[in-house]
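Asks: The sequence shown begins at 138 in the working numbering and counts up by one. Beta carbons are placed, not taken as given, at the ideal position from N, Cα and C, and that holds for glycine. If you're wondering where the values come from, they're calculated on a predicted model, not measured in any experiment. Sharing a structure with you now.
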Amino acid sequence: MKPKRVDHIAIAVRDLGAALAFFRDRLGLEVEHVATVERDRVRVAFLPVGETHLELLEPLDGEGPVARFLERRGEGLHHICLEVDDIEAALGELGAAGVELIDREPRPGAEGLVAFIHPKSSRGVLLELVQKPGEVG
138 MKPKRVDHIA
148 IAVRDLGAAL
158 AFFRDRLGLE
168 VEHVATVERD
178 RVRVAFLPVG
188 ETHLELLEPL
198 DGEGPVARFL
208 ERRGEGLHHI
218 CLEVDDIEAA
228 LGELGAAGVE
238 LIDREPRPGA
248 EGLVAFIHPK
258 SSRGVLLELV
268 QKPGEVG
């Protein structure tokens, strides 16, 4: 498996409005769009930076993985996302190599099919794989 590029770097925030006051108003980044992922109980703002994005993650409530992350660690870097052409093939290859996966099957995300690699396998960093709509797979 060879990733195509870094798709985004995700930052967990408690208050999306306050976070945007910094990233948009102080750094001059534009909000490309905002999406809600009900399954993960999160609202996501996408801010393009060159060929990649910053992704700001705000929990919808006290449930879900981002809310739990904020309880344990506070605001900050949540994950790095790598774009792949074929997420099912990538997961099969990684699983066969003994990589610990959070998701063995891809699931719908804010911008395509996604799956997460457990930080135990990636030196403490939560990694997300994404296959954009219209790609092979």
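Can you name the start and end residues of the beta strand (DSSP E) that Val251 belongs to?
Replies: By one-based count along the sequence shown, residue 251 stands at place 114. Counting along the chain, the beta strand (DSSP E) containing Val251 begins and ends at 249 to 254.
Asks: In chain order, what residues of the same chain lie with their CB nearer than 7 Å to the CB of Asp240, ignoring the 5 residues before and after it?
Replies: As a first step, residue 240 is located in the sequence shown; it is residue number 103 there, counting from the start. These residues qualify, in order along the chain: Ala252, Phe253.
Asks: Cβ atoms of Pro270 and Leu219: under 8 Å apart, would you say?
Replies: Sequence index remark: in the sequence shown, residue 219 carries index 82 (1-based). Sequence index remark: in the sequence shown, residue 270 carries index 133 (1-based). Cβ distance not < 8 Å, so Leu219 and Pro270 don't count as in contact.
Asks: Would you check if there are 3 or more beta carbon pairs closer than 8 Å linking the stretch 143 to 154 to the stretch 208 to 218?
Replies: Short answer: they touch.
Asks: Along the chain, where does the alpha helix (DSSP H) containing Leu207 start, and where does it finish?
Replies: Numbered from 1 along the sequence shown, position 70 holds the residue referred to as residue 207. Unbroken alpha helix (DSSP H) run through Leu207: 202 to 210.
Asks: With the cut-off set at 8 Å, would you say Leu214 and Ile148 are in Cβ contact?
Replies: Reading the sequence shown from its first residue, position 77 is the one you call residue 214. Reading the sequence shown from its first residue, position 11 is the one you call residue 148. For Leu214 and Ile148, yes; Cβs fall inside 8 Å.
Asks: If the criterion is Cβ atoms closer than 8 Å, does the pair Leu157 and Val174 meet it?
Replies: Walking along the sequence shown from the start, residue 157 turns up at place 20. Walking along the sequence shown from the start, residue 174 turns up at place 37. Going by C-beta atoms, Leu157 is not nearer than 8 Å to Val174.
Asks: In angstroms with no decimal places, state the Cα-to-Cα distance between Ser259 and Glu242.
Replies: Walking along the sequence shown from the start, residue 259 turns up at place 122. Walking along the sequence shown from the start, residue 242 turns up at place 105. Those two C-alpha atoms are separated by around 18 Å.
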